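Those protein sequence lines, which keep their order, are chains A and B.
Mapping of the first sequence onto the working numbering: position 224 corresponds to residue 224, and the numbering continues sequentially without gaps.
Count along the second sequence starting at 1, add 246, and that's the number in the working numbering.
Built from N, CA and C at the ideal position, the CB exists for glycine as well.
On a predicted model such as this, the values are computed, not experimentally measured, just so you know.
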Amino acid sequence: MTARLERMNLDRIVPILNILAVTMIIISLLVNFFYAPTETTMGNVQRIFYFHVGAAWVAAVGFFVALISGIAYLRKPANIWDTIAVASVEIGLVFTSMTIVSGSVWGRPAWNTWWIWSPRLTSITVLWLVYVAYFMLRGAVEDEDKRGRFAAVYVVAAFVTVIITFFSIRLLRDIHPVLFGEASEAAQGLQKFDGLASTKMVISLNISVLTFTVLFLAWLANRLRLQRLVDKVTDLKSQFMARYQG
Amino acid sequence: MTELFSTANLLMQAELFDPNKFNNFLVLGYFVMWLIVMGYIFILSNIQKNAREDINLMKQLLEEDEETEIA
Numbered sequence: 001m002t003a004r005l006e007r008m009n010l011d012r013i014v015p016i017l018n019i020l021a022v023t024m025i026i027i028s029l030l031v032n033f034f035y036a037p038t039e040t041t042m043g044n045v046q047r048i049f050y051f052h053v054g055a056a057w058v059a060a061v062g063f064f065v066a067l068i069s070g071i072a073y074l075r076k077p078a079n080i081w082d083t084i085a086v087a088s089v090e091i092g093l094v095f096t097s098m099t100i101v102s103g104s105v106w107g108r109p110a111w112n113t114w115w116i117w118s119p120r121l122t123s124i125t126v127l128w129l130v131y132v133a134y135f136m137l138r139g140a141v142e143d144e145d146k147r148g149r150f151a152a153v154y155v156v157a158a159f160v161t162v163i164i165t166f167f168s169i170r171l172l173r174d175i176h177p178v179l180f181g182e183a184s185e186a187a188q189g190l191q192k193f194d195g196l197a198s199t200k201m202v203i204s205l206n207i208s209v210l211t212f213t214v215l216f217l218a219w220l221a222n223r224l225r226l227q228r229l230v231d232k233v234t235d236l237k238s239q240f241m242a243r244y245q246g
Numbered sequence: 247m248t249e250l251f252s253t254a255n256l257l258m259q260a261e262l263f264d265p266n267k268f269n270n271f272l273v274l275g276y277f278v279m280w281l282i283v284m285g286y287i288f289i290l291s292n293i294q295k296n297a298r299e300d301i302n303l304m305k306q307l308l309e310e311d312e313e314t315e316i317a
């Protein structure tokens, strides 16, 4: 598996994924604006929700991929796992930022405030900070093996924040609506949410989620290819330095 | 009877609530998401640009080195 990943021909995969991602984004935008019905309570602003949920889903996928890569690295330390973990966390952070910002913009008309320190919003802020700290940790360790090991342990432990964020609205009283599954009795929020009222809304949401998943894969492939290039350049630089100093 | 009330309620809501009322927030929401995506793509293209510049510099140095050796 490790060897196959290291040999993977990204030059062929990247353009296909890029084209697919762009096409799906266009389709998704058209679906969100022209196919999905207007929500009766919130009006058009509810259309933010499709990309908000898509981004949140992919952020969780990114952190999950990082978790798996971290475990794989700890089992068999290979550079490819470390690279996948870095790329996944990086992309996960971008999508988390999109989720937070889009949620805040939606919250202003829906809750009459840009931000509220509710369990969900607090936990996602903690999640964001924890994963930002991952890069600070990597920057602080010079030795490559040590850095890989420390980062792998950290990324495995950091996944707890994803679980806490997911369950926060299901276990604690929160203003944030619960979309999937039921909230516990104690967690009933202040805002009534009837779920996705129409099938068209469900289809639109599924298309958005699929689009963001393809976008994640495209970015991951691009990031891995770029990292290979950067690693080669670093390697060449050190060879150059050795030659000139010698 | 309940259905009648809920229909009346919906009709009243439709009169009171304009679905386009918060369109500026909708535009802002999609704009900031687009901005974040573009920002990330810009960072990636910058890394790629720097790597390319480094490769070109090394190529140039190698060529100069070979020319010196030949001379």
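Using a beta-carbon distance below 8 Å, is residue i in contact with chain B?
{"i": "A:Val45", "result": "yes"}
{"i": "A:Phe51", "result": "yes"}
{"i": "A:Asn222", "result": "yes"}
{"i": "A:Lys76", "result": "no"}
{"i": "A:Leu190", "result": "Residue placement at A:Leu190 cannot be trusted, given a pLDDT of 48 that sits under 50; the coordinates are not used to answer."}
{"i": "A:Val101", "result": "yes"}
{"i": "A:Arg108", "result": "yes"}
{"i": "A:Lys200", "result": "no"}
{"i": "A:Lys146", "result": "no"}
{"i": "A:Ser88", "result": "no"}
{"i": "A:Leu217", "result": "no"}
{"i": "A:Thr161", "result": "no"}
{"i": "A:Met241", "result": "no"}
{"i": "A:Thr38", "result": "yes"}
{"i": "A:Met8", "result": "no"}
{"i": "A:Val230", "result": "yes"}
{"i": "A:Met24", "result": "no"}
{"i": "A:Thr97", "result": "It should be pointed out that residue 97 of chain A corresponds to Ser in this sequence rather than to Thr. Yes, its Cβ sits closer than 8 Å to a Cβ of chain B."}
{"i": "A:Val105", "result": "yes"}
{"i": "A:Val233", "result": "yes"}
{"i": "A:Val94", "result": "yes"}
{"i": "A:Leu236", "result": "yes"}
{"i": "A:Leu226", "result": "yes"}
For residue i, which beta-bridge partners are listed by DSSP?
{"i": "A:Glu39", "result": "A:Gly43"}
State yes or no: is the beta carbon of residue i nearer than 8 Å to at least one beta carbon in chain A?
{"i": "B:Asn269", "result": "yes"}
{"i": "B:Met284", "result": "no"}
{"i": "B:Thr302", "result": "The sequence shown places Asn at residue 302 of chain B, not Thr. Closer than 8 Å: no."}
{"i": "B:Gln306", "result": "no"}
{"i": "B:Asn292", "result": "no"}
Strictly below 7 Å CB to CB, what residues from chain C border residue i?
{"i": "B:Ile316", "result": "You won't find chain C in this structure, because its protein chains are A and B."}
Is residue i near the ligand FAD, judged by its Cβ being under 7 Å from some heavy atom?
{"i": "B:Asn292", "result": "With respect to small molecules bound, the structure shown includes none, and the ligand FAD cannot be examined in it."}
Quick check: residue i and residue j, are their CB atoms within less than 8 Å of each other?
{"i": "A:Phe95", "j": "A:Gly62", "result": "yes"}
{"i": "A:Arg120", "j": "A:His176", "result": "yes"}
{"i": "A:Trp124", "j": "A:Thr165", "result": "Reading off the sequence, residue 124 of chain A comes out as Ile, not Trp. The answer is yes: Cβ separation under 8 Å."}
{"i": "A:Val57", "j": "A:Leu93", "result": "For the sequence presented, residue 57 of chain A should be read as Trp rather than Val. The answer is no: Cβ separation not under 8 Å."}
{"i": "A:Ala158", "j": "A:Tyr131", "result": "yes"}
{"i": "A:Val209", "j": "B:Leu272", "result": "no"}
{"i": "A:Ile68", "j": "A:Phe216", "result": "no"}
{"i": "A:Trp81", "j": "A:Ala87", "result": "no"}
{"i": "A:Phe34", "j": "A:Arg47", "result": "no"}
{"i": "A:Ala221", "j": "A:Leu10", "result": "yes"}
{"i": "A:Gly103", "j": "B:Phe268", "result": "no"}
Drop a sphere of 10 angstroms on the beta-carbon of residue i, count the other beta-carbons inside from all chains shown, and report buried for 16 or more, exposed for fewer.
{"i": "A:Val105", "result": "buried"}
{"i": "A:Trp219", "result": "buried"}
{"i": "A:Val101", "result": "buried"}
{"i": "A:Gly139", "result": "exposed"}
{"i": "A:Gln239", "result": "exposed"}
{"i": "A:Phe49", "result": "buried"}
{"i": "A:Ile26", "result": "exposed"}
{"i": "A:Thr211", "result": "buried"}
{"i": "A:Leu226", "result": "buried"}
{"i": "A:Leu190", "result": "Reliability of the predicted coordinates at A:Leu190 is poor, the pLDDT of 48 falling under 50, and no value is obtained from them."}
{"i": "A:Thr161", "result": "buried"}
{"i": "A:Met24", "result": "buried"}
{"i": "B:Ile282", "result": "buried"}
{"i": "A:Val202", "result": "exposed"}
{"i": "A:Arg223", "result": "buried"}
{"i": "A:Val22", "result": "exposed"}
{"i": "A:Ser118", "result": "buried"}
{"i": "B:Gly285", "result": "exposed"}
{"i": "A:Asp231", "result": "exposed"}
Going along the chain, which unbroken runs of the alpha helix (DSSP H) with 4 or more residues stay wholly within the region 46-119 of chain A? If only complete runs of 4 or more residues are kept, the region 46-119 of chain A shows the alpha helix (DSSP H) at 48-75, 79-111, in order along the chain.
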